[in-house]
Amino acid sequence: MDRRQFLKGATIAGGSLLVPRMASAHSERRARRLTILHTNDWHSRIDPFPDDGGRNANQGGAIRRASLIKEIRSVEGDVLLLDSGDIFQGTPYFNFFLGEVEMKLMTEMGYDAATIGNHDFDGGIQNLADQLRHADFPLLSSNYDFNGTPLDGRTEPYRIFERGGVRIGVFGLGIELAGLVPSELYGSTRYLDPIERGNETAARLRTDEGCDLVICLSHLGYRYRDEKVSDVRLAAASRNIDLILGGHTHTFLDQPVTVMNLEGQPTIINQVGFGGLRLGRLDVVFPKSGEVKCVACSNLRV
0 MDRRQFLKGA TIAGGSLLVP RMASAHSERR ARRLTILHTN DWHSRIDPFP
50 DDGGRNANQG GAIRRASLIK EIRSVEGDVL LLDSGDIFQG TPYFNFFLGE
100 VEMKLMTEMG YDAATIGNHD FDGGIQNLAD QLRHADFPLL SSNYDFNGTP
150 LDGRTEPYRI FERGGVRIGV FGLGIELAGL VPSELYGSTR YLDPIERGNE
200 TAARLRTDEG CDLVICLSHL GYRYRDEKVS DVRLAAASRN IDLILGGHTH
250 TFLDQPVTVM NLEGQPTIIN QVGFGGLRLG RLDVVFPKSG EVKCVACSNL
300 RV
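Each residue of the sequence shown is one higher than the one before, starting from 0 at the first, in numbering that gives the first Met the number 0.
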């Protein structure tokens with residue numbers, strides 16, 4: 000089956016998606032299964048939501064999330080754990096500890112990478128840089144230029160992971176800060192066009208780095224303002240991006256959404272709300288032959 004024929008039959012049903020596999024220099028390397036776990040906008044929610052009769056009462060909490068992640072890792076061989084920003088701000092934990100608790104918890108849970116949300120600047124750019132000493136994982140940003148700021152040299156545009164012989168390229172994109180965050184909090188950080196930078200980075204990961212799977216950690220928003228770049232707009236204007244794991248708009252997707260890119264191939268978008276209430280899970284299967292990967296999704300209640 001060629002890619003065009005396959006696309007006609009691609010469906011989202013029962014939490015499963017089938018998408019064409021992008022060929023790479025490493026296409027001979029196969030993995031039976033890759034499990035991608037992801038969060039976004041957990042906003043310093045360390046404890047479960049209070050038992051106050053609200054719709055989120057007694058849900059979430061870092062301990063429950065850590066337990067769920069540990070359980071999945073005990074079953075699955077190859078796991079990648081990612082976050083799409085707005086780690087900080089929202090409870091007194093941030094007011095008192097300025098992000099230290101969040102970074103230490105994510106390190107303890109074994110996060111592989113995260114990107115930067117607008118609220119991660121709420122303690123100032125120097126504070127964000129200071130809190131990185133508690134993080135045993137990289138902050139990825141390919142469209143913030145931190146030259147001359149406290150974050151200069153402290154972030155990475157992308158990171159490549161090897162799982163079961165498969166190369167996975169992960170990069171980050173952040174929202175425009177001007178008009179959203181007070182300028183004194185982000186200093187001389189320069190915002191670069193996310194579509195341009197996203198396509199440049201994805202092409203490098205696919206072509207130069209030979210990645211079999213390219214993932215964007217986005218804090219652009221699922222559907223944001225008409226004049227702003229969102230995940231949906233990025234996907235439609237992209238090449239080489241397989242998955243967009245989003246944040247910012249606190250969107251609870253029951254299952255991933257597929258948007259056709261500039262080449263008529265599907266880019267998959269997922270987002271799991273806010274407050275640590277959900278843990279996104281996508282299981283990617285690389286067949287031993289053919290150019291297809293199968294993605295099964297279940298956004299798990301924490």
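Beta carbons: idealized from backbone N, C-alpha and C, even for Gly. All figures in this text were calculated on a predicted structure; none of them were measured in a lab.
Contact under 8 Å by Cβ, residue i with residue j
{"i": "ARG196", "j": "SER141", "result": "yes"}
{"i": "GLY186", "j": "THR114", "result": "no"}
{"i": "ARG166", "j": "ASP211", "result": "yes"}
{"i": "GLN264", "j": "GLY245", "result": "no"}
{"i": "ILE45", "j": "THR106", "result": "no"}
{"i": "LEU36", "j": "GLY279", "result": "yes"}
{"i": "LEU299", "j": "LEU67", "result": "yes"}
{"i": "GLY152", "j": "GLY122", "result": "no"}
{"i": "GLY60", "j": "HIS218", "result": "no"}
{"i": "ASN39", "j": "ASP82", "result": "yes"}
{"i": "PRO137", "j": "GLU155", "result": "yes"}
{"i": "LEU150", "j": "MET108", "result": "no"}
{"i": "LEU168", "j": "LEU191", "result": "Checking the sequence, you will find Gly at residue 168 rather than Leu. No, they are not a contact pair."}
{"i": "GLY171", "j": "LEU131", "result": "no"}
{"i": "TYR110", "j": "SER43", "result": "no"}
{"i": "ASN239", "j": "ALA202", "result": "yes"}
{"i": "ILE124", "j": "THR188", "result": "yes"}
{"i": "ARG277", "j": "VAL258", "result": "no"}
{"i": "ARG266", "j": "ASP241", "result": "It should be noted that the sequence gives Thr, not Arg, for residue 266. Going by C-beta atoms, THR266 is nearer than 8 Å to ASP241."}
{"i": "HIS249", "j": "GLY116", "result": "no"}
{"i": "ASP230", "j": "ILE243", "result": "yes"}
{"i": "GLU175", "j": "LYS227", "result": "yes"}
{"i": "HIS118", "j": "GLN88", "result": "yes"}
Residues bridged to residue i [DSSP beta-bridge criterion]
{"i": "ILE243", "result": "CYS215, ILE268"}
{"i": "ARG300", "result": "ARG277"}
{"i": "ALA128", "result": "Bridge partners of ALA128: none, in fact."}
{"i": "THR257", "result": "ILE267"}
{"i": "PHE48", "result": "BP columns for PHE48 are empty, so no partner."}
{"i": "PHE251", "result": "VAL271"}
Limits of the unbroken beta strand (DSSP E) element including residue i
{"i": "GLU175", "result": "Here GLU175 belongs to no beta strand (DSSP E), and DSSP marks it neither H nor E."}
{"i": "ILE35", "result": "33-38"}
{"i": "THR106", "result": "THR106 -> not in any beta strand (DSSP E); alpha helix (DSSP H) instead, spanning 99-108."}
{"i": "LEU81", "result": "78-82"}
Assigned exposure category for residue i - 16 Cβ within 10 Å defines buried
{"i": "MET21", "result": "For MET21, the predicted structure reports a pLDDT of 43, less than 50, and the residue's modelled location is therefore unreliable. The matter cannot be settled from this model."}
{"i": "PHE251", "result": "exposed"}
{"i": "PRO193", "result": "buried"}
{"i": "ILE214", "result": "buried"}
{"i": "ALA30", "result": "Because ALA30 sits at a pLDDT of 47, beneath the cut-off of 50, its placement in the model cannot be relied upon, and the following sentence gives the value as read from the coordinates. ALA30 comes out buried."}
{"i": "PRO49", "result": "exposed"}
{"i": "PHE285", "result": "buried"}
{"i": "VAL74", "result": "exposed"}
{"i": "GLY53", "result": "exposed"}
{"i": "ALA12", "result": "Confidence at ALA12 is low in this model, with a pLDDT of 29, below 50, so its placement is unreliable and no value can be given for it."}
{"i": "PRO47", "result": "buried"}
{"i": "LEU281", "result": "buried"}
{"i": "GLU262", "result": "exposed"}
{"i": "MET102", "result": "buried"}
{"i": "PHE120", "result": "buried"}
{"i": "PRO19", "result": "The pLDDT assigned to PRO19 is 47, lower than 50, so where the model puts this residue is not dependable, and the model offers no usable value."}
{"i": "VAL283", "result": "buried"}
{"i": "PRO255", "result": "buried"}
{"i": "ASN198", "result": "buried"}
{"i": "ILE268", "result": "buried"}
{"i": "ILE159", "result": "exposed"}
{"i": "SER237", "result": "buried"}
{"i": "PHE145", "result": "buried"}
{"i": "PHE95", "result": "exposed"}
{"i": "ILE62", "result": "exposed"}
{"i": "GLY220", "result": "buried"}
Residue range of the alpha helix (DSSP H) that includes residue i
{"i": "ALA112", "result": "Run containing ALA112: none in the alpha helix (DSSP H); it sits in the beta strand (DSSP E), 112-114."}
{"i": "PRO91", "result": "91-96"}
{"i": "LYS69", "result": "61-74"}
{"i": "ARG222", "result": "It is not in any alpha helix (DSSP H) - ARG222 carries neither H nor E in the DSSP assignment."}
{"i": "VAL231", "result": "230-235"}
Legend entry - Contained alpha helix (DSSP H) runs [length at least 4] in the stretch 131-205, N- to C-terminal order: Runs found: 182-185, 193-202.
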